[in-house]
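All residue numbers in the sequence shown are consecutive under the numbering used here, ending with 98.
The beta carbon of each residue, even a glycine, is placed where N, CA and C say it ideally should be.
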Amino acid sequence: MTRALHKKYDSEDAVAENLRDAGCSEEQIACFLDWQEKEKTADQLSMLSEHRKQLLNNVHREEKRIDCLDYLVYQIERTRRDRNDTKKTDGEADDERI
């Protein structure tokens, strides 16, 4: 294998690995590499943009889920704090009657 050809395969392997790491399917990777071979840069950029949008939508969906959990934790802690405050107040009232 010539040095230039070897470099090309290393580069394709690196691109494929990067796409895998970004969560692209093997089908998407194959299309991307085919477009690279055919110099269809616009198609490549379009695919990357769409995949990025999907990932960002996933992030936003997960953030909303985290917000729901945070709100539940807040409610539980507030309820516990209110109960403790009520117990302290009731205890102080009992002390005053003695």
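Roughly how many angstroms separate the alpha carbons of residue i and residue j, rounded to a whole number?
i     : j     : result
Lys87 : Arg78 : 14 Å
Val70 : Leu55 : Position check: residue 70 holds Asp in this sequence, whereas Val was assumed. Cα-Cα distance, rounded: 22 Å.
Ala30 : Lys53 : 20 Å
Gly23 : Val73 : 32 Å
Arg81 : Ala16 : 53 Å
Trp35 : Asp43 : 7 Å
Asp10 : Asn58 : 31 Å
Glu12 : Leu33 : 7 Å
His60 : Lys38 : 35 Å
Count the other CB atoms within 10 Å of the CB of residue i; is the residue buried (16 or more) or exposed (fewer)?
i     : result
Thr41 : exposed
Leu5  : Annotation note: pLDDT 48 at Leu5 (below 50); position unreliable, no value reported.
Short of 8 Å in beta carbon distance, which residues of its chain neighbour residue i, apart from the five on each side in sequence? Order them along the chain.
i     : result
Gln28 : Leu19, Met47, His51
Please report the residue range of the alpha helix (DSSP H) in which residue i lies.
i     : result
Glu37 : 26-37
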